[in-house]
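For reference, the structure discussed in these notes is given below.
Chains as they are written, first to last, in the numbering used here: chain A, -4 to 478; chain B, 21 to 101.
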C-alpha cells in the first residue's frame, strides 16, 4: 500500500464511476465514500487526532472483537487528513427496510456500545439507526466517527435526543399509532415528540414509558434565541452513574416499544396455507433442496420470502441469503428464526414491485434497493410469488424476466402458478380476458431472451417448479476483503 | 423598589449557579430542546437518589469506623424499575 495514496474525489470518480459520492457527509469530522468493494472514509484534519486515538484504544479493539463495530484499517494520510477503509457490507440495509425486531436489535447494539464507551472514557456523539448495518442477522455499528472523548463531569448523553427521535419514537409510533416503520423513509431525523403527542390518546400520553420522551418533551418549548446547554455535575462518579442509568432506562423503553405481537396479512401464511397439501410441500422442498445442492449458489436472493422456509433451506446449503418480503410480520418471523439458528440471512422488508428508492441529498446518500441487489446473486428464488406480480402488481411476464436478468448471474428458480390455482382465482377478480389464459408457455417465451429452462417439476396441486439458467453467464463482482 | 433590591442578589446567585452547572452543546446533532430538558430532569432525579442513598448509607454506618471515599464508592449499578 502506498504511503501517499491519491484518494481524492476525482480519483474515486475515475476508479469507481457513479459511486464516488454515495455515502454520508453530514458529520463535519469526515465523509464516507462507497466503492464497489469497500467503504472509504476520509477524516478531516480537525478530527484526525481524536480518530487516531480512538483507533488505537482498547475500546475499539474490544468492540471490533465482539462484532459490534465494523473493522477499520488506516490506508493513508494526506495533508493532515487520514483515510480509513472498512469492508463493505452487502447488501446495505436501511432502517425503513427493517422489521421491529431488527430495530430493537439495532437500538440495543447502539446502547451497548454507548455503555461500554462510557466506562472507557468515550461517548457516542450521535446515535441513529442509519449508523447501523445488518451483516446477515447481526447489527453492526459502522460509524467510527461517532466516538469522541467524554467530559468526566458531563451528566447528559449528547446523542440522547437523536436516539429518542430516531429509534424510540418510531417504535412507539408503530406500537401505539400503527405508523409503519417503513414510513421512516421520509424522516431522516426521526419524529419530534410533539408529532406523536398530537396523535396519542390521553391514557397513552401518561403511559410511564411515554410520559417523559413524548409528553414532557412536547410541553417544554424553547425560548426564542435561547442557547442549548448541557448540564454537568461536579462528581465524575455521579456523572457516570447518571449516564449508565439513562442508558438502562432507554434500553427498557425500546424493548417495551418493540414488543408487539400483532400478526400481519402474511405472517401466518405458511401455517394457514390450505392450497398446499403436506405431500406437495414436501415435494417442493425436496426439489428446492436438490436444485440448491446441484447448483451450489454462493449467494441467493429469495423474493417474496414470507417466513423464510426456502431462505433457510438455501442458507443451510451454505449460501449467503438475502430475503425480501413486503410483509413486515413475515420478515420479523424470518429474522427471528434465522437469528436463533445462526443462519446467514439478510432480511429486508421490501416490495420488489415497488423497490426502495434512492434517498437523501441529491438521491445519493442511500442507494436504491435495485442498485444494491443488481448482479449480486448466483440464484434468484421466485417461489409462489409470480401470481402476486401478475395479478396484484400488473407486471407483464416479460418485465419479470428482465428483472431476473438484472438480479441473477446464473439461475432463477420460478414457481409457476397456473390460472386454475385457488390463489390465482382469488386475485383474478373478473379479469379473465387479461390474465385467465396465461400458461407456462407464456412464461417460457417471456424468459427466453435471457434464460433457458434446465429442470422442471410439476407438483400435485398443478403448480410447476422451473429452474432457468442464463443464456450467457456473467462474471462475479469482486467482494470486500480486509487484507 | 426595596423588595426588588432584596430579591435581585438572590436571582443573580441563582443564575450564576445555573451557568456554573451547564456547558454549551457543541455536537453537530440536534440535541432537541424538550428532550434535553427531559434528560436534565431525569439526571437531577437520579442524582437526588444517589445523594439520598449516600446519606442513608452514612447514617446506617454511624458509629462504625469511617470508610475512605473509594470504599464507600458508588451505589451498585442497578436496573431501573
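Each residue gets a CB set at the ideal place from its N, CA and C atoms; glycine is no exception. For clarity, every value in this text was computed on a predicted model and none was experimentally measured.
Contact check, residue i vs residue j, beta carbons under 7 Å
i	j	result
residue 452 of chain A	residue 282 of chain A	yes
residue 117 of chain A	residue 241 of chain A	no
residue 418 of chain A	residue 295 of chain A	no
residue 213 of chain A	residue 188 of chain A	yes
residue 392 of chain A	residue 438 of chain A	yes
residue 78 of chain B	residue 150 of chain A	no
residue 413 of chain A	residue 457 of chain A	yes
residue 398 of chain A	residue 88 of chain A	no
residue 49 of chain B	residue 85 of chain A	no
residue 234 of chain A	residue 148 of chain A	yes
residue 318 of chain A	residue 302 of chain A	no
residue 53 of chain A	residue 75 of chain A	no
residue 402 of chain A	residue 376 of chain A	no
residue 306 of chain A	residue 340 of chain A	yes
residue 19 of chain A	residue 27 of chain A	yes
residue 119 of chain A	residue 145 of chain A	no
residue 60 of chain B	residue 215 of chain A	no
residue 435 of chain A	residue 459 of chain A	yes
Residue from the options with nearest C-alpha to residue i
i	options	result
residue 80 of chain A	A:87, A:58, A:32, A:121	A:32
residue 46 of chain A	A:72, A:124, A:163	A:72
residue 155 of chain A	A:355, A:237, A:434	A:237
residue 322 of chain A	A:95, A:48, A:27	A:95
residue 432 of chain A	A:410, A:409, A:386	A:386
residue 380 of chain A	A:21, A:285, A:300, A:131	A:300
residue 455 of chain A	A:201, A:275, A:114	A:275
residue 445 of chain A	A:423, A:48, A:404, A:411	A:404
residue 251 of chain A	A:24, A:278, A:202	A:202
residue 170 of chain A	A:278, A:293, A:254, A:291	A:254
residue 411 of chain A	A:336, A:128, A:395, A:185	A:395
residue 83 of chain A	A:129, A:205, A:291, A:271	A:129
residue 479 of chain A	A:176, A:37, A:353	Outside the shown range of chain A, which is -4 to 478, sits residue 479 of chain A, and nothing can be said about it.
residue 132 of chain A	A:443, A:448, A:430, A:332	A:332
Contact test: residue i Cβ vs the ligand NAP heavy atom, cutoff 6 Å
i	result
residue 369 of chain A	No copy of the ligand NAP occurs in the structure displayed, which carries no ligand at all.
Outcome for residue i when other beta-carbon atoms lying within 10 angstroms are tallied against a minimum of 16
i	result
residue 173 of chain A	exposed
residue 46 of chain B	Residue placement at residue 46 of chain B cannot be trusted, given a pLDDT of 49 that sits under 50; what the coordinates show is reported in the next sentence. Its Cβ having fewer than 16 others within 10 Å, residue 46 of chain B is exposed.
residue 360 of chain A	buried
residue 280 of chain A	exposed
residue 44 of chain B	A caution first: residue 44 of chain B carries a pLDDT of 49, below 50, which makes its placement in the model too unreliable to give a value.
residue 382 of chain A	buried
residue 330 of chain A	buried
residue 467 of chain A	exposed
residue 358 of chain A	exposed
residue 120 of chain B	For chain B, the structure presents residues 21 to 101; residue 120 of chain B sits outside this window and is missing.
residue 356 of chain A	exposed
residue 90 of chain B	Model confidence at residue 90 of chain B stands at a pLDDT of 44, short of 50, so the residue's coordinates are unreliable and nothing is read from them.
residue 134 of chain A	buried
residue 114 of chain A	exposed
residue 389 of chain A	exposed
residue 76 of chain B	exposed
residue 289 of chain A	exposed
residue 427 of chain A	exposed
residue 336 of chain A	exposed
residue 384 of chain A	buried
Listed by chain order, chain C residues near residue i by CB distance under 9 Å
i	result
residue 186 of chain A	Given the protein chain composition of this structure (A and B), no chain C is represented.
Proximal chain B residues relative to residue i, where beta-carbon distance stays under 8 Å
i	result
residue 299 of chain A	Per Cβ cutoff of 8 Å: no residues; residue 299 of chain A is ~38 Å from chain B at best.
residue 215 of chain A	53, 54, 57, 58
residue 241 of chain A	59, 62, 63, 66
residue 211 of chain A	54, 57, 58, 61
Chain-ordered neighbours of residue i on chain B, where CB pairs are closer than 9 Å
i	result
residue 25 of chain A	The premise fails here: residue 25 of chain A is roughly 12 Å from chain B at the closest Cβ pair, so nothing lies under 9 Å.
residue 331 of chain A	Within chain B, no residue comes near residue 331 of chain A; the closest Cβ sits about 24 Å away, beyond 9 Å.
residue 136 of chain A	Residues of chain B passing the Cβ test: none, with the nearest at roughly 15 Å.
residue 160 of chain A	50, 52, 55
Contacts of residue i in chain B (Cβ-Cβ under 7 Å)
i	result
residue 237 of chain A	63, 66, 67
residue 114 of chain A	In chain order: nothing, as chain B lies at least about 10 Å away.
residue 156 of chain A	50, 51, 52, 55, 56
residue 150 of chain A	63
residue 22 of chain A	48
residue 459 of chain A	Within 7 Å Cβ-Cβ: nothing; residue 459 of chain A doesn't reach chain B, min ~54 Å.
(request) Determine, using beta-carbon pairs with one atom in the segment 57 to 67 of chain A and one in the segment 298 to 317 of chain A, whether at least three such pairs fall under 8 Å. (result) no
(message) Three or more C-beta pairs under 8 Å: does that hold for the segment 66 to 80 of chain B against the segment 228 to 248 of chain A?
(response) yes
(request) Could you say if the segment 243 to 250 of chain A and the segment 101 to 111 of chain A meet the contact criterion of at least three C-beta pairs nearer than 8 Å? (result) yes
(request) Specify whether the segment 198 to 210 of chain A and the segment 159 to 171 of chain A touch according to this definition: at least 3 beta carbon pairs, one from each stretch, less than 8 Å apart. (result) yes
(request) Would you check if there are 3 or more beta carbon pairs closer than 8 Å linking the segment 339 to 350 of chain A to the segment 180 to 187 of chain A? (result) no
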